[in-house]
Amino acid sequence: MAGKIVESVVMTENNELIDRIVDRYDGELGMLIPMMQDIQTECGYLPVERLRSLSKRLNVPLSRIYAVATFYSSFRLAPKGAHEVTLCVGTVCYLKGAGRISEVICKEFRIDPGGTTPDRLFTFQAVNCVGCCAVAPVMLVDGKYYQGVTPESALEILYGLAPDETTADEQEGA
Amino acid sequence: MTVVGNLRLNGVEDLERMREELLACRSPSSKCVRVCMGPGCAAKGAARLYEVFCEAAEQAGGEVEIQAKSVGCHGLCECGPIVIIEPGEIFYQRVEEPDVPEIFRETVLGGRVVERLLYENPDTGEKALTAEEIPFYKVQKRIALAHNGVIDPASIEDYVAEGGYTALAKVLTSMAPEEVLGEVERAGLRGRGGGGFATARKWRSCRQAKGSPKYVICNGDEGDPGAFMDRAIMEGDPHAIIEGMIIGAYAIGSRQGYIYVRNEYPLSVERLRGAIEQARELGLLGRHILGSSLSFDIRINRGGGAFVCGESTALMASLEGRPGEPRAKYIHTVESGLNGKPTNLNNVETWANVPAIINRGGEWFASIGTEKSKGTKVFCLVGKVKYTGLVEVPMGITLRRIVEEIGGGVRDDKRFKAIQTGGPSGGCIPSQYLDTLVDFDELTKLGSMMGSGGMIVMDEDTCMVHVAKYFTNFLQKESCGKCTPCREGLAQMLHILQRITKGEGEEGDVEVLEGLAELLEGTALCALGKTAANPVISTIRYFRDEYDAHIQERRCPAKECRGLFRYEIDPEACKACGICLKNCPSDAITGQKKVPHVINQEKCTLCGACWEKCPFTAVLKV
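So the protein sequences, as listed, match chains A and B. Quick note on our numbering: the first sequence kicks off at 6 and runs consecutively. Quick note on our numbering: the second sequence kicks off at 2 and runs consecutively.
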């Protein structure tokens, strides 16, 4: 009984969020990607029940929404870590050793690019060019740029990350 | 210094009055500190500098008007953060927070120069007072970047005061759409996104195409790694793009525009969004622009992190809310593009050139450049050069002048090996072609291309097979998978390249690569696939010996491919400090105090830890 009540509360909130986002774009199907980007901004990732609501509200098959969600690399179907770590592996950063930095990070924290550490401390992404080639190699932590990164300094930065409880808790399913 | 507030401009006279009022407000004694907020400078802490300058300006108060301004990328990212002081245009480089009080006291208030923050020419030892005196800027000619580093990109007033939207006013009052097309045609403007298609021809086809509504799109999905020209314009001078698009819309007959911005550029989105808001408030976007019959508005869409969306049909699919898969272009997008309607798509830099062409005339623009490539082109000069950054040069300049005069040559006195132009679809040009002119057709002849403007300098330590593998890996990952040649062909090419760089190459591999490349070029669906083999083909064409060394001798001449060279310790240089010994994960290094250390090759896993850690560069790659 109690479980059912909780579920219905979640569902209402759920629909409010989806309604708000869909209305922002006048329900235009062409704006599907911006809508999904907004859901990801609000939730930190794309929770399956939200995508279901979106599919119902827009009257498009869920498969079409999934096609979009899995095609574009910026969409996430699983919750992210408390911090967002982005390593640039664009040509210049790569020439200046970003490949090695990525290897070291993956080995040290036992993750793959795109993955999240088991303790949800951070999500690690290797992206193609953040447009800061002049100060390569570049790493971003929660939007802050670090220039001229080396394998050692990258690890130092990552070990200095605080386990930010609040950010992690804000996410659904956390 | 908002003068007009939310006043709507109902005619060209209103715009003129606004400009006059803005200029009248500028007292000749007023001073301004311009802090560069380009990505390079921002990564070096420019935001904090700006804050400190703002505080200092506020505290100073008093009789003189002092303004701190955050501006877009100035270009010389290598020497950032860059701060420029008006009057005098004094150019300070590598400014740090502790320098701020001194700059403020000495230069801003006292009018004296802080010598130690000036740029010093490493060859002559001469100090440069202004940007024009620095070799990096001397060869450049700025049209698309004219306002970058000068105006505050978040202020439409700044843009208008500098003559912004005069081109739009001119078009609306004195030019018919056909005349606008004529002017762009005379200018000989070609698409800056890579293809180099004649802009006027595209506009005219779209204008003449049947169907409505018609759309104009600005392609800001700058995905080439090693390129940030469009980002710099979007973040440094967003109104130039908007003005260009309005003029294009007028010529084509469109009421709706889109700007598609790459997901990795959040600041570009913010700047453009702000600029669109301001333009709407003043009546420069929306219904009856400047009181005329033209109505046009712009919407911003963010990309989803897919490289292929820089391709026009894929971008349009993305705007329709679908996965960004390109389609065959039997029917051009100018006839059937977004939502099946006539659509004209141009790159950021192309749009940003339009206002200057209208203002100064097509003939003026065409007087710059070569016979078939007119005007200027913005490049990102990066890689192993001394001065990296954003440069705008007249077409027809030689690659050598860009590398040597602007970039200051290869850094660390290494030997120049190649310059890579055109991003992942481009090719590597070796030193014997450095005197080639920068021109759409000349670069294509060399097996590379102009592309959107990435220019990556490689030195003797760069393995060309490795570079080819890097780009093939990139493209293979970014291939959308719709057509077989690209999906399967690139995977096969990557597989072969991986084998070669691991020392497992076989006779005939190069020929197979060439065969696959030919197949891709002839049969892939879109430009991504058709040009995907360029990095491989150009490196085979100019650096065949490196492929052969990998395959036949199991040797990497540049000593970059792990496993194809050894690490050894130079006994002369070794100081027996023990650092390598402590850092070796496989205990392969032996040695004692005062005895040069030795690497046991059988135990060595070639991880490179000793090479990275040695403070005396005594560990050598052989």
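Every residue gets a Cβ at the ideal spot worked out from N, C-alpha and C, and that includes glycine. These numbers come from a predicted model, not from an experiment.
| field | Any C-beta of chain A under 9 angstroms from that of B/Leu225 | value | With the sequence shown as reference, residue 225 of chain B is identified as Asp, and Leu is not the correct amino acid for it. So yes, B/Asp225 belongs to the interface.
| query | By Cβ distance, which residues of its chain are closer than 6 angstroms to B/Leu628, with the 5 residues on each side in sequence left out? | reply | As shown, chain B starts at 2 and ends at 623. That puts residue 628 of chain B outside it, with no answer to give.
| When the cut-off is 9 angstroms and only beta carbons count, does A/Cys134 lie next to chain B? | yes
| Are the C-beta of A/Thr121 and some C-beta of chain B separated by less than 9 angstroms? | no
| Comparing the C-beta of B/Val383 with each C-beta of chain A, is any distance below 9 angstroms? | yes
| said: So that I know if they touch, is there some Cβ in chain A lying closer than 9 angstroms to that of B/Phe366? | reply: no
| said: Which runs of the beta strand (DSSP E) at least 3 residues long sit entirely within the region 22–63 of chain B? Give them in chain order. | reply: 32–37
| task | Please check if any C-beta of chain B sits within less than 9 angstroms of the C-beta of A/Thr96. | result | yes
| query | To which residues does DSSP link B/Thr344 through a beta bridge? | reply | B/Tyr216
| message | What does DSSP give as the partner residue(s) for A/Cys93 in the beta ladder? | response | A/Val132
| task | Go ahead and pull the three-state DSSP assignment for B/Val270. | result | helix
| Among residues of its own chain, excluding the 5 on either side of B/Gln279, which ones have a beta-carbon nearer than 6 angstroms to its beta-carbon? | Ile157
| message | Give me the residue from B/Arg117, B/Gly46 and B/Ser293 with the minimum Cα distance to B/Glu625. | response | Missing from the structure shown is residue 625 of chain B; chain B here goes from 2 to 623 and no further.
| A/Gly165 CB to nearest chain B CB: under 9 angstroms? | no
| said: Looking at chain B, is there any beta carbon in it that lies within less than 9 angstroms of the beta carbon of A/Cys111? | reply: no
| request: Under the assumption that B/Val172 contacts B/Ile248 (Cβ atoms under 8 angstroms), give the Cβ distance between them as a whole number of angstroms. | output: 5 angstroms
| query | Closest Cβ-Cβ distance between A/Tyr50 and chain B: below 9 angstroms? | reply | no
| message | In chain order, what are the residue ranges of uninterrupted beta strand (DSSP E) at least 3 long that sit wholly in the region 384–464 of chain B? | response | 390–395, 417–422, 428–431 and 455–460
| query | What residue does the alpha helix (DSSP H) around B/Gly237 start on, and which one ends it? | reply | Met230 to Gly237
| request: Taking A/Leu166 as the reference, give the member of A/Gly136, A/Leu126, A/Tyr151 and A/Val135 with the closest Cα. | output: A/Leu126
| said: Run through chain B and tell me which residues come within less than 9 angstroms of A/Val154, C-beta to C-beta. | reply: Ordered by position in chain B, no residue passes the 9 angstroms Cβ test against A/Val154, which lies about 10 angstroms from the chain.
| query | Nearest to B/Asn601 by alpha carbon, out of B/Asp510, B/Thr591 and B/Gly428? | reply | B/Thr591
| message | Since B/Val1 and B/Val411 should fall inside the 8 angstroms C-beta cutoff, what is the C-beta to C-beta distance between them, to a whole number of angstroms? | response | For chain B, the structure presents residues 2 to 623; residue 1 of chain B sits outside this window and is missing.
| query | Which chain A residues are close to B/Lys45, counting only those with a beta carbon under 7 angstroms from its beta carbon? | reply | Val140 and Gln152
| query | In this structure, does DSSP put B/Asn474 in helix, strand or coil? | reply | helix
| Based on the DSSP secondary-structure assignment, which residues constitute the bridge partners of B/Cys381? | B/Leu391 and B/Gly455
| field | Residues within the region 252–266 of chain B neighbouring chain A, beta-carbon criterion of under 9 angstroms | value | Arg263, Asn264, Glu265 and Tyr266
| Proximity test, Cβ basis, 9 angstroms: A/Ile23 and chain B | no
| field | First and last residue of the uninterrupted alpha helix (DSSP H) at B/Ile85 | value | Looking at the DSSP string, B/Ile85 is not in any alpha helix (DSSP H); the run it does join, the beta strand (DSSP E), is Val84 to Glu87.
| Is any beta-carbon of chain A found at less than 9 angstroms from that of B/Glu479? | yes
| request: Determine, using beta carbons only, whether B/Glu519 and B/Ile552 come nearer to each other than 9 angstroms. | output: no
| Between B/Val270 and B/Ile218, what straight-line distance do the alpha-carbon atoms span, to the nearest angstrom? | 15 angstroms
| Any chance the CB of B/Ile299 is under 8 angstroms from a heavy atom of the ligand ADP? | Among the components modelled here there is no ligand, and therefore nothing to report on the ligand ADP.
| said: Do B/Asp571 and B/Val620 count as a contact pair if the criterion is CB distance below 9 angstroms? | reply: yes
| query | From which residue to which residue does the alpha helix (DSSP H) around A/Ile106 run? | reply | Ala103 to Phe114
| Hey, how far is the Cα of A/Val27 from the Cα of A/Met40? | 7 angstroms
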